[in-house]
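J.:
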Amino acid sequence: MNNKITGRSGFSSSFGVLAATLGSAVGLGNIWKFPSLTGANGGAGFLLIYLLATLLIGLPVMIAEISMGRAAKANPITTLQRLAPKNSLPWWLIGASGVLAAFLILSFYSEVVAWVFAYVFKAIGGSILSSDRHVTESAFGALISDPVQSLLWQWGVLVFIGGILLMGVTKGIEGITKKLMPVLFLLLLILCAVSLTLPKVAEGLTFLFRPDFSKITSGVVLTAMGLAFFKLSLGMGTMMTYGSYFRDDQNIPATTFRVMIADLFVSMLAGIAIFPAVFSFGFEPSAGPSLVFITIPAVFSQIPGGQLLMIAFFALASVAATGAMLSMMEVPVVVLHERFGMSRTKATVLTIAILVVLGSSCALTNSTLANFKLFGMNMFDLFDFASSNVLLPLGGILLALFVGWVWGKDNFLQALSNHGALGNGAIASMVFFLLRYVSPLLILVVMLKGLGLF
Ligand code: PHE
Numbered sequence: 019m020n021n022k023i024t025g026r027s028g029f030s031s032s033f034g035v036l037a038a039t040l041g042s043a044v045g046l047g048n049i050w051k052f053p054s055l056t057g058a059n060g061g062a063g064f065l066l067i068y069l070l071a072t073l074l075i076g077l078p079v080m081i082a083e084i085s086m087g088r089a090a091k092a093n094p095i096t097t098l099q100r101l102a103p104k105n106s107l108p109w110w111l112i113g114a115s116g117v118l119a120a121f122l123i124l125s126f127y128s129e130v131v132a133w134v135f136a137y138v139f140k141a142i143g144g145s146i147l148s149s150d151r152h153v154t155e156s157a158f159g160a161l162i163s164d165p166v167q168s169l170l171w172q173w174g175v176l177v178f179i180g181g182i183l184l185m186g187v188t189k190g191i192e193g194i195t196k197k198l199m200p201v202l203f204l205l206l207l208i209l210c211a212v213s214l215t216l217p218k219v220a221e222g223l224t225f226l227f228r229p230d231f232s233k234i235t236s237g238v239v240l241t242a243m244g245l246a247f248f249k250l251s252l253g254m255g256t257m258m259t260y261g262s263y264f265r266d267d268q269n270i271p272a273t274t275f276r277v278m279i280a281d282l283f284v285s286m287l288a289g290i291a292i293f294p295a296v297f298s299f300g301f302e303p304s305a306g307p308s309l310v311f312i313t314i315p316a317v318f319s320q321i322p323g324g325q326l327l328m329i330a331f332f333a334l335a336s337v338a339a340t341g342a343m344l345s346m347m348e349v350p351v352v353v354l355h356e357r358f359g360m361s362r363t364k365a366t367v368l369t370i371a372i373l374v375v376l377g378s379s380c381a382l383t384n385s386t387l388a389n390f391k392l393f394g395m396n397m398f399d400l401f402d403f404a405s406s407n408v409l410l411p412l413g414g415i416l417l418a419l420f421v422g423w424v425w426g427k428d429n430f431l432q433a434l435s436n437h438g439a440l441g442n443g444a445i446a447s448m449v450f451f452l453l454r455y456v457s458p459l460l461i462l463v464v465m466l467k468g469l470g471l472f
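Numbered per our numbering, the sequence shown spans residues 19 to 472.
(1) Would you list the residues whose beta-carbon is nearer than 6 Å to any heavy atom of ligand 1, in the order they occur in the chain?
(2) Does the distance from the C-beta atom of Thr97 to that of Gly87 stay below 8 Å?
(3) Could you give the DSSP three-state label for Leu77: helix, strand or coil?
(4) Would you mind reading off the limits of the alpha helix (DSSP H) that contains Arg454?
(5) Note down, in chain order, each residue of its chain lying with its Cβ closer than 8 Å to the Cβ of Val130, except the 5 sequence neighbours on either side.
(6) From Val79 to Ser385, what distance separates their C-alpha atoms?
(7) CB-CB under 7 Å to Ile179, same chain, minus the five flanking residues each way: which ones, in chain order?
(8) Would the beta-carbon of Ala479 fall within 8 Å of that of Val424?
(9) Leaving out five residues before and five after Leu250 in sequence, what residues of the same chain have Cβ atoms less than 6 Å from its Cβ?
(10) If I'm right that Ser378 touches Leu169 with Cβ under 8 Å, what's the distance once you round it to whole angstroms?
(11) Let me make sure I understand the geometry here. Which of Ser435, Ala446, Gly61 and Thr72 has the alpha-carbon closest to that of Gly253?
(12) For Glu348, report the span of its alpha helix (DSSP H) as first-last.
(13) CB Leu245 to CB Leu417, shorter than 8 Å?
(14) Ends of the alpha helix (DSSP H) at Lys140?
(15) Determine which residues share a DSSP beta bridge with Met243 and list them.
(16) Below 8 Å on the Cβ atoms is my guess for Ser265 versus Gly28; work out the distance and round it to an integer in Å.
(17) Under 8 Å, do Val421 and Leu453 count as touching if we go by C-beta distance?
(18) Can you say whether Asn389 is buried or exposed, counting buried as having 16 or more other CB atoms within 10 angstroms of its CB?
(19) Closest to Gly34 by CA distance: which of Leu410, Ala335, Gly261 and Ile329 is it?
(20) For Ser336 and Leu70, I'd like the C-alpha separation in whole angstroms.
(21) Are the Cβ atoms of Phe247 and Pro411 separated by less than 8 Å?
(22) Tell me which same chain residues have a C-beta within less than 7 Å of the C-beta of Tyr137, skipping the five on either side of it?
(23) What separation, rounded to the nearest whole angstrom, lies between the Cα atoms of Ala242 and Ala157?
(24) Using DSSP's beta-bridge definition, name the partner residues of Met286.
(25) For Trp173, report the span of its alpha helix (DSSP H) as first-last.
(26) Please state the DSSP three-state secondary structure of Met397.
(27) Go ahead and pull the three-state DSSP assignment for Leu466.
(28) Under three-state DSSP, which class holds Leu198?
(29) So, helix, strand or coil for Leu392, using DSSP?
(30) Counting C-beta neighbours from all protein chains within 10 Å, is the total for Val351 16 or more, i.e. buried, or is it exposed?
(31) Give me, in chain order, the residues of the same chain whose beta-carbon lies closer than 6 Å to that of Thr287; leave out the 5 immediate sequence neighbours on both sides.
(32) Would you mind stating whether Gly61 and Phe318 have Cβ atoms separated by less than 8 Å?
(33) Assuming Leu202 contacts Phe401 (C-beta within less than 8 Å), just tell me the rounded distance between them.
(34) For a quick check, are the C-beta atoms of Phe230 and Gly63 less than 8 Å apart?
(35) Considering only the alpha carbon of each residue, which of Pro294, Ala114 and Ser149 lies closest to Leu354?
(36) Could you check whether Gln172 and Ser106 sit closer than 8 Å to each other, using their CB atoms as the reference points?
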């Protein structure tokens with residue numbers, strides 16, 4: 019749909035809005051990052067902190083971003099310039115930091131997407147379908163330690179995503195995510211059902227649901243909060259950009275709440291599918307980024323027709339990852355297009371070109387650049403840390419402060435209202451309270467502690 023006033027295109031239906039927003043939120047954050055981090059950080063205690071961060075920080079920041087985007091109908095930088103009073107602080111820098119975060123995340127995310135794409139083909143080949151952990155572990159190891167494969171898959175992913183973006187907002191993003199999300203839910207449900215029949219199901223579920231607080235350090239809390247930002251696509255302008263495509267009659271708090279619940283649901287399903295298998299087949303819960311790629315094939319090896327279902331699973335994970343990547347790329351593309359006057363085509367091509375270079379450093383972390391470290395981390399881990407644990411939370415603090423103290427309550431309530439009626443008055447006031455006082459303070463304390471700054 020074309021907005022008559024601004025000439026920008028937007029989402030055409032209420033379901034489309036939900037599907038696209040959900041398409042941004044649900045991605046490898048749910049299927050890959052959530053299980054890996056939960057496993058590496060001790061299980062249920064981590065999960066609990068993650069949940070608190072989602073409620074007290076994620077929800078309000080998401081509502082803030084979407085309402086700002088819809089109010090200003092522009093890219094994140096212009097949005098902040100439009101909403102901030104003249105001669106105030108350079109709030110637009112939040113948008114600029116979002117562009118930087120997008121490039122950092124896309125650099126390593128595109129490599130994980132590359133593994134997922136490669137696994138579709140490996141699944142077709144059939145060699146990874148095994149409950150022997152040595153087989154699944156060495157298959158994954160062989161893929162990530164091969165520099166040529168790693169690079170080529172990543173570049174393939176980048177070109178593929180660029181192609182979809184060139185088709186435009188409505189057709190590209192809305193069309194694809196709308197159709198395939200429900201199928202992914204279904205497959206995850208099947209995986210859970212299988213996993214729940216495995217021998218060590220009790221151990222897996224205990225790990226996931228019974229908190230052990232001895233594992234919680236300030237670093238773990240920061241990681242859990244970073245995950246909340248990452249999974250809900252917050253703190254870098256993605257939701258602001260999507261908000262700018264929202265229709266005026268869309269109920270923002272309700273949409274946000276649904277997205278959060280659905281996103282959580284997918285993560286829980288992934289957790290329930292993976293942890294019983296981890297214990298039953300003798301994997302290490304703390305295996306990190308490889309966890310999903312080594313356990314999922316083992317689960318599928320337990321069922322008749324497992325190979326076909328595994329192909330479907332990785333294909334659908336590719337779709338989920340694609341939806342999320344599209345939303346990330348939208349940030350630099352729309353900034354280059356609207357702020358720097360480039361055509362969308364040029365903006366997309368430039369973004370891809372930058373990512374081919376920057377992303378290579380992440381693609382090669384398990385081969386050629388294995389020993390190249392900055393701040394004690396390889397590029398993959400560094401980009402992940404710098405984005406999830408620094409830039410996104412920082413964006414979150416500044417957004418919350420902006421809404422709470424600069425944009426103000428009246429403007430915020432106005433932006434949330436549907437056709438002039440201030441529906442959700444009480445909810446909106448509560449969200450405003452969180453944004454003004456609670457979220458910024460919480461994020462600040464968690465960041466300073468987690469980064470060891472006080
Ligand atoms: N939320 C996405 C996921 O879970 C990742 C993402 C992060 C997307 C930031 C957009 C912006 O995979």
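Glycine residues also receive a C-beta, built at the ideal position from the N, C-alpha and C atoms.
T.: In terms of the structure at hand:
(1) Ser42, Ala43, Gly45, Leu46, Gly47, Asn48, Ile123, Phe248, Lys249, Ser251, Met254, Thr256, Ala342, Ser345 and Met346
(2) yes
(3) helix
(4) Careful: Arg454 lies outside any alpha helix (DSSP H) and carries neither H nor E.
(5) Leu46, Trp50, Pro307 and Ala339
(6) 38 Å
(7) Thr340, Met343, Leu344 and Met347
(8) What is shown of the chain runs 19 to 472, which leaves residue 479 out entirely.
(9) Ala43, Gly76 and Met80
(10) 6 Å
(11) Thr72
(12) Gly324 to Arg357
(13) no
(14) Leu111 to Gly143
(15) BP columns for Met243 are empty, so no partner.
(16) Rather than Ser, the amino acid found at residue 265 in this sequence is Arg. Indeed, because the Cβ distance is near 7 Å, the residues count as touching under 8 Å.
(17) yes
(18) exposed
(19) Gly261
(20) 29 Å
(21) yes
(22) Phe311 and Phe332
(23) 29 Å
(24) DSSP lists no partner for Met286.
(25) Pro165 to Leu184
(26) helix
(27) helix
(28) helix
(29) strand
(30) buried
(31) It is Leu, not Thr, that sits at residue 287 in the sequence shown. Cβ neighbours of Leu287 beyond the five flanking positions: Leu206 and Cys210.
(32) no
(33) In fact, because the Cβ distance is near 26 Å, the residues do not count as touching under 8 Å.
(34) It should be noted that the sequence gives Asp, not Phe, for residue 230. It is a contact, given that the beta carbons lie within the stated cut-off.
(35) Ala114
(36) no
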